[in-house]
Structures are given as structure tokens and as C-alpha cells.
Amino acid sequence: MEYLDMFIREVLRMYPIVPVVINRQSTEDFHISHVGTIPAGTIVTVDIYSVHFDPDLWGPIDPNVFYPERFATKWHPLAWIPFGIGPRNCVGMRFALMEMKLVLILLLKIYSIIDCGEQTQRSTKELDEMVVISPKKCYNPSANSRQTYNSKKFYYGIREVTNFKTQKWLECRFTYLGHKPNIDPDEYE
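Numbering follows this note's numbering, with no gaps: position 107 of the sequence shown is 1599.
Structure (C-alpha cells):
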């Protein structure tokens, strides 16, 4: 579980959902070396993407290299800020991190993820930075199921939840899931 946490933190370091979120208004003049004086009333924004790729914060290993083990050691508390910082950070941070872990565990339990080769590499290099960071062009991931599929159990469960009884609906559902229906709908009447 510790390595999974490091993995998710590294993903969020390299691909933060929102690249620029921390906006504050200065209440008094302050001086920043090599920049100058920021007057009171100025809106100050932190560029999360730049902080997450700063070699001074994330060295000695290149910040452009995916390396989850970098989170095994302590780092500056303001170096990793995908959910913001301070009293106004995201209230759902712990929930989001736990949800990511659970979804990833379930996906890896059910599927074997297949590397799409060059398409995968391109999708992580060509990013759009608007309100959120996203790939310019999406590629469909590939996966193989690790489990055998019990179509009768699936059909019975769907019938109980939805009360759908038609063969046409069943065919559509199984086609969408990539399975050929072999069930007589009257079998569970």
C-alpha cells in the first residue's frame, strides 16, 4: 500500500489535475529577491506545474522522469501541492486519494493493462493546459480480463436491479461488454 501511495503521488506530481489553482491577494507590500517588490492588493498565483518540475525541489533524479521512489524520502512540504495548500486546500483530498487507490486496485485486480506503445507515450507528452490538464488526443487503453465471466450470474443480477426482461436489451448489454449472450431470458422467470 505504501508503494501505491508513492505511485499515485508521483502521477499527481507529473500530471496535476489543475495546473494553476492557488490564488491569493497580498495584503501588504513584500519583496522577492531577483523579482522585485509585489505591491499590496496584487493577486498572486502559484504555478503548480512549475513547482512540481523544479529540479531544486525534486532532484537529484530528473523531475521529468517518472520515479515514484522519490516519495520514499522527505521533501519540502510545499513541493507537492496538487490539491492546494494551507487552510483553503481541497477538502476532498484524503477522499480523492483513497478513491484513486481503490479504483486502481480494482482495475488491476480485474484487468491486465496492455501498453499501447507509442500512442501511450504521445498522449503523456502532448498536453492541453486549460482549466485542467488533459491529453490533446485521447487514445483508448487496452486491457485483458483476469477473470472468467459468469454471464448467467450477471444477467440474474441485472434482472433483479432493473427488472428488464427483454432479450434485445440483454443482447445490447452483452455486446457492449464484449460478450455473446447465451441465456434464455425465460430461464429466470
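In this text, a Cβ means the ideal position worked out from N, Cα and C, and glycines have one as well.
Handout entry: Buried/exposed call for P1574, threshold 16 Cβ in 10 Å
Key = buried
Exercise for the section: Buried or exposed for Y1495, please, with buried defined as at least 16 other CB atoms from any protein chain shown within 10 angstroms of its CB. Expected result: exposed
Exercise for the section: Compute the minimum distance between the beta carbon of L1599 and the heavy atoms of the ligand ATP, and state whether it is under 7 Å. Expected result: Ligands displayed in this structure: none; no statement on the ligand ATP is therefore possible.
Practice task
Report yes or no: do three or more beta-carbon pairs, one from the stretch 1541-1549 and one from the stretch 1575-1587, lie closer than 8 Å?
Solution key: no
Practice task
Sort L1619, E1618, D1620, I1602 by Cα distance to A1635 and report the nearest one.
Solution key: I1602
Practice task
Using only alpha-carbon positions, find the residue among K1628, V1510, R1516 that is nearest to A1532.
Solution key: R1516
Problem - D1548 in three-state terms, based on DSSP - result: helix
Problem - For S1459: DSSP bridge partner residues - result: Nothing can be reported for residue 1459, as the shown portion of the chain is limited to 1493 through 1681.
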